[in-house]
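Trainee: Can you read through this structure? Questions will come right after.
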Amino acid sequence: MNALPYSGEATTAAAVARVEQGRLARPNGWWGMALFVATEATLFGTIIGTYFYLRFNNLHWPPPGVPEPKLTLPLVLTGLLVATSVPVQFAVVTASRGQLARARAALLLAAIVQAGYLGMQLHLFVHDVHEFPPSGSAYSSIYFTMLGAHHLHVFVGILLIFWILLRTATGLTSYRMNGLRATAFYWYFVNVLALCVVGTQLSPLA
Amino acid sequence: MRLSARYLDPEFLQWFGLFGAALTWTVQLVVGFGVTVARCGPANAVLGVDVKAWELTLMGTGIALALLAEAAALNILWQTRNVDYGGPPPEGRRHFFALAASIGNVLFLVVIVLSGTGAVFHQPCTQS
Numbered sequence: 225m226n227a228l229p230y231s232g233e234a235t236t237a238a239a240v241a242r243v244e245q246g247r248l249a250r251p252n253g254w255w256g257m258a259l260f261v262a263t264e265a266t267l268f269g270t271i272i273g274t275y276f277y278l279r280f281n282n283l284h285w286p287p288p289g290v291p292e293p294k295l296t297l298p299l300v301l302t303g304l305l306v307a308t309s310v311p312v313q314f315a316v317v318t319a320s321r322g323q324l325a326r327a328r329a330a331l332l333l334a335a336i337v338q339a340g341y342l343g344m345q346l347h348l349f350v351h352d353v354h355e356f357p358p359s360g361s362a363y364s365s366i367y368f369t370m371l372g373a374h375h376l377h378v379f380v381g382i383l384l385i386f387w388i389l390l391r392t393a394t395g396l397t398s399y400r401m402n403g404l405r406a407t408a409f410y411w412y413f414v415n416v417l418a419l420c421v422v423g424t425q426l427s428p429l430a
Numbered sequence: 010m011r012l013s014a015r016y017l018d019p020e021f022l023q024w025f026g027l028f029g030a031a032l033t034w035t036v037q038l039v040v041g042f043g044v045t046v047a048r049c050g051p052a053n054a055v056l057g058v059d060v061k062a063w064e065l066t067l068m069g070t071g072i073a074l075a076l077l078a079e080a081a082a083l084n085i086l087w088q089t090r091n092v093d094y095g096g097p098p099p100e101g102r103r104h105f106f107a108l109a110a111s112i113g114n115v116l117f118l119v120v121i122v123l124s125g126t127g128a129v130f131h132q133p134c135t136q137s
């Protein structure tokens, strides 16, 4: 008889840990997230490509009257956001060993920092909208499109992490473990995206 | 000095061998297009883009990465030499991927060299 339970029957933390140790391939949920991330990467590739196309067709970038982007605060905030990959990865590792309480604590810590990041970024976003509205120039139009799309993705990531926190409140199952893996993958992608977006946003300073 | 086992992991070598050269060519084309747009746009008065330097750098990096991808594919092919390409996964699948990659990478290497050479000798900002 096979010592490993069928993954759908792994409804306790100990059974999930045994399934995870014996797993030979990534679950379908992970591959589904990989495909989703590929489409999102295409979207952001297009947005960043548009940004540079417009930049190369304008002599002054940002245009006269629009302030240059600030350097310190976006870099610090992005550093904080990227750092939340550590507790998220810690949550995946501990959950796959059946240590649910540790995993949930790490996820909660990550979600708090991410929510703080998003709050600060939204405050800056609204401030910038009042200073140079999106309809003012090609620069402001692509600037707010890029930042708005990124903030939306961070918001979705935070929602996913809260969803996993809620789902695991009643215990760990193989299905929820797959959800955690997929959420973590999405979160790493959002962090890579944050680096690309902040690099593009600060490129006029180079 | 030994390379970290993480980077010699057969799964990593398999995927790098299969997609490394293809992705390198994609990046060469996309960045090359961007550089040409920058060179021919009004902003070049401030930016002063050197298309040839960019294209030569892209081609050199592309050749190096394509050769590394080929080395990774050949490494996997050698590791799985006793397995049939129709055999059970992961070894059989790995052998099949490595076989396809070892041939495909040679084609991508040629494409990278031809794209780069063409871009270097092309006169930018003129209608062809």
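Protein sequence lines correspond, in order, to chains F and D.
So for the first sequence, the numbering used here puts the first residue at 225; every next one is plus one.
So for the second sequence, the numbering used here puts the first residue at 10; every next one is plus one.
For glycine and all other residues, C-beta sits at the position ideal for the given N, C-alpha and C.
If Thr394/F sits next to Ile272/F, beta carbons under 8 Å apart, how far is it from one beta carbon to the other, in whole angstroms?
Mentor: By 1-based counting over the first sequence, the position of residue 394/F is 170. By 1-based counting over the first sequence, the position of residue 272/F is 48. So it is not a contact: roughly 41 Å between Cβ atoms.
Trainee: Residues in the segment 267 to 286 of chain F with C-beta within 9 Å of chain D's C-beta atoms, listed in sequence order?
Mentor: Gly269, Gly273, Phe276, Tyr277, Arg279, Phe280, Asn281, Asn282, Leu283, His284, Trp285
Trainee: Please classify Leu123/D as buried or exposed, where buried requires at least 16 neighbouring CB atoms within 10 angstroms.
Mentor: As a working mapping, residue 123/D is identified with position 114 in the second sequence. Counting Cβ neighbours within 10 Å, Leu123/D comes out exposed, since fewer than 16 surround it.
Trainee: Would the segment 120 to 134 of chain D and the segment 99 to 110 of chain D be scored as touching if the rule is three or more Cβ pairs under 8 Å?
Mentor: no
Trainee: Rounded to the nearest angstrom, what separates Thr89/D and Gly29/D at their Cα positions?
Mentor: Reading the second sequence from its first residue, position 80 is the one you call residue 89/D. Reading the second sequence from its first residue, position 20 is the one you call residue 29/D. Computed Cα separation, rounded: 20 Å.
Trainee: Taking the straight line between their C-alpha atoms, what separation do you get for Val55/D and Gly269/F?
Mentor: The sequence position of residue 55/D within the second sequence is 46, counting from 1. The sequence position of residue 269/F within the first sequence is 45, counting from 1. Each residue's Cα considered, the two are about 25 Å apart.
Trainee: Taking the straight line between their C-alpha atoms, what separation do you get for Ser365/F and Phe386/F?
Mentor: The residue given as residue 365/F occupies position 141 in the first sequence. The residue given as residue 386/F occupies position 162 in the first sequence. Approximately 32 Å, taken between the alpha carbons.
Trainee: For Gly360/F, which three-state DSSP category applies?
Mentor: Within the first sequence, the letter at position 136 stands for residue 360/F. The answer is coil: DSSP assigns Gly360/F none of H, G, I, E or B.
Trainee: CB-CB under 6 Å to Val92/D, same chain, minus the five flanking residues each way: which ones, in chain order?
Mentor: Position 83 of the second sequence, counted from the first residue, corresponds to residue 92/D. Excluding residues within five positions, the ones whose Cβ falls inside 6 Å are Glu100, Gly101, His104.
Trainee: Just checking, does the segment 70 to 88 of chain D make contact with the segment 410 to 421 of chain F on the three C-beta pairs under 8 Å criterion?
Mentor: no
Trainee: List the residues of chain F whose Cβ lies closer than 8 Å to the Cβ of Ala52/D, in chain order.
Mentor: As a first step, residue 52/D must be located in the second sequence, where it is residue number 43. Per Cβ cutoff of 8 Å: Arg279, Phe280, Asn281, Asn282, Leu283, Trp285.
Trainee: Let me see if you follow: with CB-CB separation under 9 Å, is Leu419/F close to chain D or not?
Mentor: Locating residue 419/F in the first sequence gives position 195, where the first residue counts as 1. No, no contact with chain D.
Trainee: Mind checking if Val416/F is an interface residue toward chain D, Cβ cutoff 9 Å exclusive?
Mentor: Within the first sequence, residue 416/F is the residue found at index 192, counting from 1. Chain D contact via Cβ: absent.
Trainee: Using a threshold of 9 Å, state whether the C-beta atoms of Ala329/F and Leu404/F are closer than that.
Mentor: Here residue 329/F corresponds to residue number 105 of the first sequence, with the count starting at 1. Here residue 404/F corresponds to residue number 180 of the first sequence, with the count starting at 1. Contact check for Ala329/F against Leu404/F fails: the beta carbons are separated by 9 Å or more.
Trainee: Is Cys420/F helix, strand or coil when you go by DSSP?
Mentor: Working through the first sequence from its first residue, we reach residue 420/F at position 196. In the structure shown, Cys420/F sits in a helix (DSSP, three-state: H, G or I).
Trainee: Return helix, strand or coil for Thr431/F, following the three-state DSSP convention.
Mentor: Because chain F here runs from 225 to 430, residue 431/F falls outside it and cannot be looked at.
Trainee: Could you give the DSSP three-state label for Arg350/F: helix, strand or coil?
Mentor: Here the question's residue 350/F lines up with position 126 in the first sequence. According to the sequence displayed, residue 350/F carries Val and not Arg. Three-state result, Val350/F: helix.
Trainee: If contact is defined by three or more beta carbon pairs under 8 Å, each pair taking one atom from either stretch, is the segment 279 to 295 of chain F in contact with the segment 342 to 362 of chain F?
Mentor: yes
Trainee: Alpha carbon to alpha carbon, what distance is there between Ala52/D and Met68/D?
Mentor: Counting from 1 along the second sequence, the entry for residue 68/D is found at position 59. Counting from 1 along the second sequence, the entry for residue 52/D is found at position 43. When rounded, the distance between both Cα atoms is 25 Å.
Trainee: Measure the alpha-carbon distance for Val39/D versus Ala239/F and round it to whole angstroms.
Mentor: Start at 1 with the first residue of the second sequence, and residue 39/D comes out as number 30. Start at 1 with the first residue of the first sequence, and residue 239/F comes out as number 15. So the two alpha carbons sit approximately 47 Å from each other.
Trainee: Relative to chain F, which residues along the segment 20 to 53 of chain D have a C-beta separation below 7 Å, given in chain order?
Mentor: Gly43, Val46, Ala47, Gly50, Pro51, Ala52
Trainee: For Ala430/F, does the count of other Cβ atoms within 10 angstroms reach 16, so buried, or fall short, so exposed?
Mentor: Looking up residue 430/F in the first sequence gives position 206. Exposed is the call here.
Trainee: How long is the line joining the alpha carbons of Ala109/D and Leu332/F, rounded to whole angstroms?
Mentor: The sequence position of residue 109/D within the second sequence is 100, counting from 1. The sequence position of residue 332/F within the first sequence is 108, counting from 1. Distance from the CA of Ala109/D to the CA of Leu332/F, rounded to the nearest whole angstrom, comes to 45 Å.
Trainee: Is DSSP giving Thr266/F helix, strand or coil here?
Mentor: Start at 1 with the first residue of the first sequence, and residue 266/F comes out as number 42. Looking at Thr266/F - three-state DSSP - the assignment turns out to be helix.
Trainee: Alpha carbon to alpha carbon, how far is Val421/F from Val58/D?
Mentor: Position 197 of the first sequence, counted from the first residue, corresponds to residue 421/F. Position 49 of the second sequence, counted from the first residue, corresponds to residue 58/D. As the crow flies, the alpha-carbon of Val421/F is around 23 Å from that of Val58/D.
Trainee: Counting only beta-carbon atoms, is Leu248/F nearer than 9 Å to chain D?
Mentor: For the purposes of this step, residue 248/F is taken as residue 24 along the first sequence, with counting starting at 1. Using a CB distance cut-off of 9 Å, Leu248/F counts as an interface residue toward chain D.
Trainee: My output table needs one value for Ala78/D: the three-state DSSP class, helix, strand or coil.
Mentor: The residue given as residue 78/D occupies position 69 in the second sequence. Of the three classes helix, strand and coil, the one that applies to Ala78/D here is helix, per DSSP.
Trainee: In angstroms with no decimal places, state the Cα-to-Cα distance between Ala265/F and Val300/F.
Mentor: Taking the first residue of the first sequence as 1, we reach residue 265/F at position 41. Taking the first residue of the first sequence as 1, we reach residue 300/F at position 76. In a straight line, the C-alpha of Ala265/F is about 24 Å away from that of Val300/F.
Trainee: Check Phe21/D in the structure and name its three-state DSSP category.
Mentor: Here residue 21/D is taken as the residue at index 12 of the second sequence, counted from 1. In this structure, Phe21/D counts as helix in the three-state DSSP scheme.
Trainee: On the three-state DSSP scale, how would you describe Val92/D?
Mentor: Here residue 92/D is taken as the residue at index 83 of the second sequence, counted from 1. Coil, per DSSP.
Trainee: Quick check: Tyr341/F and Leu305/F, are their CB atoms within less than 9 Å of each other?
Mentor: As a position in the first sequence, residue 341/F is number 117, starting the count at 1. As a position in the first sequence, residue 305/F is number 81, starting the count at 1. Yes.
Trainee: So for Ala319/F, helix, strand or coil by DSSP?
Mentor: Along the first sequence, read from residue 1 onward, the residue named residue 319/F stands at position 95. Residue state, collapsed to three classes: helix.
Trainee: Quick one: grab the DSSP three-state call for Asn282/F.
Mentor: Reading the first sequence from its first residue, position 58 is the one you call residue 282/F. Looking at Asn282/F - three-state DSSP - the assignment turns out to be coil, as it is neither helix nor strand.
Trainee: Check this for me: beta carbons of Gly113/D and Ala31/D, under 9 Å apart or not?
Mentor: Here residue 113/D refers to the residue found at position 104 when the second sequence is read from its first residue. Here residue 31/D refers to the residue found at position 22 when the second sequence is read from its first residue. Cβ distance < 9 Å, so Gly113/D and Ala31/D count as in contact.
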